[in-house]
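Here the protein sequences line up with chains R and C, keeping their order. Counting from 1, position 111 in the first sequence corresponds to residue 111 in the numbering used here; the numbering is continuous, with no gaps. Counting from 1, position 27 in the second sequence corresponds to residue 1027 in the numbering used here; the numbering is continuous, with no gaps. Report on the following structure.
There are 2 protein chains.
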Amino acid sequence: MENKEEETSKKKTLGRRKIPIEKISNKKSLQVAFSKRRGSLFKKASELSTLCGVQVAVIVESPAGKLYSFGSPSVDSVIDRFEKAREDGLNSCSEAHEEEKGVMEKSNWWWEDVFLENLGLEELEERMSDMQVLKNNLLKRIQDHDDLVMADSFLNL
Amino acid sequence: MENKEEETSKKKTLGRRKIPIEKISNKKSLQVAFSKRRGSLFKKASELSTLCGVQVAVIVESPAGKLYSFGSPSVDSVIDRFEKAREDGLNSCSEAHEEEKGVMEKSNWWWEDVFLENLGLEELEERMSDMQVLKNNLLKRIQDHDDLVMADSFLNL
DNA sequence: TCGGCTATGTATAAAGA
DNA sequence: TTCTTTATACATAGCCG
């Protein structure tokens, strides 16, 4: 009577859980967290800009290496001011952030379970486009290794 | 009986109030809100960087016109990448404040969970090679698709 | 400006659709 | 991946000192 929830005290979810601020190991979780937090960060930046009437610029790299940005009124205008201010010297304050990259786990599968069979033209072309980005990232990484020999042979991609 | 808190309504404060997202008129409040939110924004940026192992840069102007920034690993490195990426024109997506948002959020990124950060040269080249294969599959699929569409349109004629 | 406090608004981890 | 739901963690407006 009183304990209407007694045996059915099965909470549908655990609700938000506390997580340590360190690189998320689970790829799926990391991707989801990235998307949500990137959106929230941009939103916060937008609010700060509106509430205080100030310019703001945010640039973030995705786990895949793609760059996303938000700027009010625009990223470029803020960057210009930043660069200009840095020349003049003393009217900017910055906070650095040292961090160590966690060791990425092995993953030699990639698109093992990627099926192209059931995709529409639009999706296929979308992936073709995405692959272009991935290719650029790969090339960039390879060049970082200061060995362009092999890379050149793949430039025909 | 119902208002058990009536006489002892000793709530010290009203707690957080909801405020509209528009420029704060009261100067004092604006200054306070700016300081708090700037700190929180930087903190969020830092968390995103750590949790997802990605680079982040944030630049904000204070109500007084001073510039504050946060970057991981540094504002400059991220700006450099941003500028460089813009030259290439391909791998960056941005949102302007008053413009339409979320235009480029549509791609599925099936390899979003692919991390190139800590791979060795050999692994990178291996993936480059794999990508060659995938590209061919993609092109073939697109070709097949086009053929089907072509065939269909012919039938309809 | 800089913190501290409180009550409430908001962000978000997990899981499922 | 995107959207929804749920419960909880975290952010923060208004006040004080």
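Every residue gets a Cβ at the ideal spot worked out from N, C-alpha and C, and that includes glycine.
Report task. Taking R/L54 as the query, report the chain C residues whose CB atoms sit under 8 Å from its CB, ordered along the chain. Result -> Leu is not the amino acid found at residue 54 of chain R; the sequence shown has Val there. The contacting residues are F1034, V1060, E1061, S1062, P1063.
Query raised in the report: Residues in its own chain within less than 7 Å of C/K1044 by CB, not counting five upstream and five downstream?
Result: Within the same chain, no Cβ atom closer than 7 Å to the Cβ of C/K1044 is found once the five residues on either side in sequence are excluded.
Requested in this report: Report, in whole angstroms, the separation of the C-beta atoms of C/R1038 and C/V1060, which I expect to be a contact under 8 Å.
Outcome: Their Cβ separation, rounded to whole angstroms, is 6 Å, which keeps C/R1038 and C/V1060 in contact under 8 Å.
Query raised in the report: In angstroms, rounded to a whole number, what distance separates the CA positions of R/E99 and R/G15?
Result: Confidence at R/E99 is low in this model, with a pLDDT of 37, below 50, so its placement is unreliable and no value can be given for it.
Requested in this report: Check the Cβ-Cβ distances between R/K23 and every residue of chain C, and say whether any is below 8 Å.
Outcome: Using a Cβ-Cβ cut-off of 8 Å, R/K23 counts as an interface residue toward chain C, since at least one Cβ of chain C sits closer than that to its own.
Query raised in the report: Given that C/K1044 touches chain R, what residues does it touch there, using C-beta distances under 8 Å?
Result: Against C/K1044, the close residues of chain R are R37, S40, L41, K44, in the order they occur along the chain (beta-carbon pairs closer than 8 Å).
Query raised in the report: First and last residue of the alpha helix (DSSP H) that includes C/T1050?
Result: It spans 1027-1052 - the alpha helix (DSSP H) in which C/T1050 sits, taken as one unbroken run.
Query raised in the report: DSSP on R/E83, reduced to helix/strand/coil?
Result: The answer is helix: DSSP assigns R/E83 an H, G or I state.
Query - Rounded C-alpha distance that separates C/A1064 from R/C52 - result: Distance from the CA of C/A1064 to the CA of R/C52, rounded to the nearest whole angstrom, comes to 10 Å.
Query - Cβ of R/R17 within 8 Å of any chain C Cβ - result: Cβ-Cβ to chain C under 8 Å: no for R/R17.
Query raised in the report: Within 8 Å (strictly less), CB to CB, does C/L1048 reach chain R?
Result: Yes, its Cβ sits closer than 8 Å to a Cβ of chain R.
Report task. Please look up how many angstroms separate the CB atoms of C/F1082 and R/L67, rounded, as I've assumed it's under 8 Å. Result -> Right, the Cβ-Cβ distance comes to about 6 Å (below 8 Å), so this counts as a contact.
Requested in this report: Throw me the rounded Cβ distance for the C/S1049 and C/V1056 pair, which I believe falls under 8 Å.
Outcome: Their Cβ separation, rounded to whole angstroms, is 4 Å, which keeps C/S1049 and C/V1056 in contact under 8 Å.
Requested in this report: Using 10 angstroms around the beta-carbon of R/V78, count the other beta-carbons present and answer buried if the total reaches 16, otherwise exposed.
Outcome: Buried, by the Cβ-count rule.
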